[in-house]
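**Student:** So that we are looking at the same thing, I have put the structure below in structure tokens.
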Ligand code: ATP
Ligand code: MG
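In the numbering used here, the protein residues as written are 273 to 657.
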């Protein structure tokens, strides 16, 4: 069993008022679920949580897992000792460096401890200086800060640094959202960003098999698995757009293809969102990035749905999106060269500023559109992750 514990901290932001326990309970559940399968004990105290009694060889795995839990802002790996003052001094001496400057910063959540914070700072400081004469105290800009936490129940924790965690809001606290997940760079980032704000993500992928390949679908499955690490209840559905695209291709002017496909996607998405209790649709659009993402195109697409469509990347540049994709680990998969369904029957000149009445006129030519949408929705496939 390790002598270490892992201290988990969450932000203050949402901890005000009566909603505190709602957020905290969700966060606790998410931590329990994430650490499932690892032999350890979880302690949930006020304002701070502790993972303890784990095997040394599991420490890195625990850190890796908790760093992806939204709602946690930082963690520290700390050493544990008991209340005994000799034990406290021995551990402090072991942890501090031999030379340079240091400061002790004590904090008591157990107020009945025999020394108060100031006394404990002084006691530890003196013991360390006696043992390490080349070290000196600097209260303002020390090389090393020894943090000492005195907890209820007999534990004292010492640590020197904190590691940032994922931040954001506990997954689930913001409800459910339907992510339109392509195999590209943007939509996985969009999903990550709203998962970070507490949304449980259900994803929907459109394929155009046999125009798009099994490999293209497999890529989306692998992206979904990466996202599932951040949003544990992540589910993936897949729907074929092939017949709808063929019908548009047959009945409508070529340059309306993308606009009409995107409207069909939105109509289907709204149905799937309703069936899965999702309160919003999420996509990876960024203003002006391509013809289908001008304000006019977005408006014409948005006009077919009532549900709010969240576009977390709307104001971001591609390189900013790529930075996040790299950080969350989706970039390398996203850039694998497989075709997306949007590239099937791609016109030479897609509309940049579609006009709604003309779009509706073109769309009306597909007499069986309603039936094709029904058929596509009915054939939805759930993909195991
Ligand atoms: P991405 O990098 O996410 O593929 P993109 O820049 O290629 O985006 P578009 O192809 O216009 O842009 O797609 C815009 C958004 O529409 C995507 O971010 C995604 O949310 C959704 N989308 C596009 N293609 C699909 C698809 N095959 N299945 C599901 N959603 C899709
Ligand atoms: Mg795309």
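From the three backbone atoms N, C-alpha and C, an ideal C-beta is built for every residue, glycine too.
#1: Along the alpha helix (DSSP H) that carries residue 412, what are the first and last residues, could you check?
#2: Mind checking which residues open and close the alpha helix (DSSP H) that includes residue 521?
#3: Quick check on residue 616: does DSSP put it in helix, strand or coil?
#4: Within the present structure, is the beta-carbon of residue 462 separated from the nearest heavy atom of the ligand ATP by less than 7 Å?
#5: Per the DSSP calculation, residue 653 is bridged to which residue(s)?
#6: For the alpha helix (DSSP H) containing residue 631, list its first residue and its last residue.
#7: For residue 510 versus residue 434, is the C-beta distance shorter than 8 Å?
#8: By DSSP's criteria, residue 479 is part of a beta bridge. Which residues make up the other side?
#9: Under the assumption that residue 453 contacts residue 467 (Cβ atoms under 8 Å), give the Cβ distance between them as a whole number of angstroms.
#10: Kindly indicate which residue of 336, 309, 297, 301 has the alpha-carbon position closest to the one of residue 278.
#11: Who are the Cβ neighbours of residue 459 in its own chain at under 7 Å, not counting the five residues just before and after it?
#12: Considering only residues of the segment 291-327, which uninterrupted beta strand (DSSP E) runs meet the minimum length of 3 residues and lie entirely inside it, listed in chain order?
#13: Is any heavy atom of the ligand ATP found at a distance shorter than 7 Å from the C-beta of residue 310?
#14: Can you check whether the CB of residue 493 is closer than 8 Å to the CB of residue 513?
#15: Have a look at 478, 642, 503 and flag the residue whose alpha-carbon is nearest the alpha-carbon of residue 654.
#16: Could you tell me the distance, in whole angstroms, from the CA atom of residue 406 to the CA atom of residue 588?
#17: Based on the DSSP output, what are the partners of residue 472 in its beta bridges?
**Tutor:** Here's the rundown:
#1: Element bounds for residue 412: n/a, residue is neither H nor E.
#2: Counting along the chain, the alpha helix (DSSP H) containing residue 521 begins and ends at 514-523.
#3: Reduced to three states, the DSSP call for residue 616 is coil.
#4: Yes - the ligand ATP has a heavy atom lying nearer than 7 Å to the Cβ of residue 462.
#5: According to DSSP, which records beta bridges pairwise, residue 653 is partnered with 510.
#6: First-last of the alpha helix (DSSP H) with residue 631: 628-636.
#7: Residue 434 sits away from residue 510, with the two beta carbons spaced by 8 Å or more.
#8: Checking the DSSP bridge columns, you'll see residue 479 partnered with 512.
#9: The Cβ separation is near 12 Å, so there is no contact.
#10: Of 336, 309, 297, 301, the smallest CA-CA separation from residue 278 is found for 336.
#11: If you ignore the 5 residues before and after residue 459, its C-beta comes within less than 7 Å of the C-beta of 451, 452, 453, 555, 556, all in its own chain and listed in chain order.
#12: Segments of the beta strand (DSSP E) lying fully in the segment 291-327: 313-316, 320-324.
#13: Residue 310 Cβ: outside cutoff for every heavy atom of the ligand ATP.
#14: No, they are not a contact pair.
#15: With distances taken between Cα atoms, residue 654 lies closest to 478.
#16: Computed Cα separation, rounded: 51 Å.
#17: The partner list for residue 472 (beta bridge, DSSP) reads 448.
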